[in-house]
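Trainee: Following my numbering, the numbering of the sequence shown begins with 1 at its first residue and continues without gaps.
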Amino acid sequence: MATTVQTPDTTHTPVVQSATAAQRSARTIKVEIKRQATPDAAARTEKFEIPYRPNMNITSLLGEIACDPVTSSGQATTPIAYDANCLEEICGSCAMLINGRARMACSALVDKLTGPKGEGTITLAPLSKFPVVRDLAVDRSVLFENLKAVKAWVPIDGTYDLGGGPRQFPQLQETLYPLSNCISCTICMEVCPQFNDSTNFVGAATIAQVKLFNNHPTGAVLKEERLRALAGDGGVQECGFAQNCVEACPKQLPLTEAISDVSRDVIVQQVKDFFTR
Ligand code: SF4
Ligand code: FES
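(1) From THR312 to GLN270, what distance separates their C-alpha atoms?
(2) Excluding the five sequence neighbours on either side, which residues of its own chain have a C-beta within less than 7 Å of the C-beta of CYS249, listed in chain order?
(3) How would you call THR126, buried or exposed, if buried means at least 16 neighbouring beta carbons within 10 angstroms?
(4) Under the three-state reduction of DSSP, which class applies to PRO51: helix, strand or coil?
(5) Considering only residues of the same chain and omitting the five flanking positions on each side of HIS216, which have a CB-CB separation below 6 Å?
(6) In angstroms with no decimal places, state the Cα-to-Cα distance between VAL266 and CYS182.
(7) Among the residues of its own chain, which have a CB less than 8 Å from the CB of GLU224, if the five just before and after it don't count?
(8) What does DSSP give as the partner residues of LYS34 in its beta bridges?
(9) Check whether the Cβ atoms of ASN285 and VAL202 sit closer than 8 Å, and answer yes or no.
(10) Could you check if ASP135 is buried or exposed, using at least 16 other CB atoms within 10 Å of its CB as the buried criterion?
(11) Does the pairing of the stretch 89-97 with the stretch 40-56 give three or more beta-carbon distances under 8 Å?
(12) Using 8 Å as the threshold, is the stretch 151-168 in touch with the stretch 112-119, meaning 3 or more CB pairs across them?
(13) Would you mind reading off the limits of the alpha helix (DSSP H) that contains LEU172?
(14) Taking 7 Å as the limit, tell me which residues put their C-beta closer than that to any heavy atom of the ligand FES, in chain order.
(15) Leaving out the 5 sequence neighbours to the left and right, which residues in its chain are closer than 8 Å to PRO54 when beta-carbon positions are compared?
(16) Cutting at 7 Å between CB atoms, please list the residues of its own chain near THR199, excluding the five before and the five after it.
(17) How many Å lie between LEU253 and THR123 at the Cα?
(18) Any heavy atom of the ligand SF4 closer than 7 Å to the Cβ of CYS192?
(19) Nearest by alpha-carbon distance to LEU230: which of VAL31, THR218 and ASN214 is it?
(20) Quick one: Cα of PRO79 to Cα of VAL70, how far?
(21) Any heavy atom of the ligand SF4 closer than 7 Å to the Cβ of PRO250?
(22) Just to check, is the beta-carbon of CYS67 closer than 7 Å to a non-hydrogen atom of the ligand ATP?
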């Protein structure tokens, strides 16, 4: 698995205003966070109690800790490192395990993670299938390497005016649009039993992007290369159809449908190659 360290500027140390004394209530939110200072350091858990404010999400909770990084036993510590950018479930960078479930920190509301009176403890941990960079920040470059391997782009050159581009039927646009909503969060890979240290399975997101670009009038010029890239080791045939991906995807991509369609296209391409090579 790739271990390229993410650039420091993607690791977000938020600056948020600490709640004033008047805003602080007696109610607190208990959080347990799995921490790791460096990729090779041993993991440890730190506990925090954060003053409750209505409508907090996990990102703002981490911001509160950054403003006053003291554990629940009064020990001074460092702010939690994690990735975030858009804060509105678009950039895909803040995926982590929240109460054991892979999801986006910016759309996980604290009020829905605790009981009606704030009881219970929220647990935060980094995604388990990607190398830890620090604390909750992981290196997800394997997805981007997979997207490069299947040429997940429309090949156009130049900065000159290319005109309006080829026309698409609205029906095709409607079919493809959901696939363009992928935010590269890697949650579909985290929850997939076939994505693990002993396989090279590319995962659902990459396969879905192959369907998207193969059905684009200009992108289709690389269709055969994409299908051949998915025919070998780590290719689409390694999907076990557990369907965890489609359940967990925060953007509701039709992943199982894409995997079925691309599987069929890969087989057709293999038959064509058998008779023409
Ligand atoms: S397919 Fe869904 S779960 Fe997978 S990376 Fe894209 S948005 Fe995330
Ligand atoms: S911060 Fe961008 S998706 Fe959460």
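For glycine and all other residues, C-beta sits at the position ideal for the given N, C-alpha and C.
Mentor: According to the data block:
(1) As shown, the chain starts at 1 and ends at 277. That puts residue 312 outside it, with no answer to give.
(2) ILE187, CYS188 and LEU255
(3) The residue asked about is misnamed: residue 126 is Pro in this sequence, not Thr. It is buried - the Cβ of PRO126 has at least 16 other Cβ atoms within 10 Å.
(4) strand
(5) VAL154
(6) One C-alpha to the other measures close to 22 Å.
(7) GLN269
(8) THR45
(9) Because the chain is modelled from 1 through 277, residue 285 falls outside the range shown and cannot be assessed.
(10) Its Cβ being crowded by 16 or more others within 10 Å, ASP135 is buried.
(11) no
(12) no
(13) 170-176
(14) THR59, ALA84, ASN85, CYS86, LEU87, GLU88, GLU89, ILE90, CYS91, GLY92, SER93, CYS94, MET104, ALA105, CYS106, SER107, ILE183 and CYS185
(15) ASP111
(16) So the qualifying residues of the chain are GLY234 and GLU238.
(17) If I take the Cα positions, the gap works out to 27 Å.
(18) no
(19) ASN214
(20) Cα to Cα, PRO79 sits roughly 9 Å from VAL70.
(21) yes
(22) The ligand content of the structure shown is limited to the ligand SF4 and the ligand FES, which means the ligand ATP is not among them.
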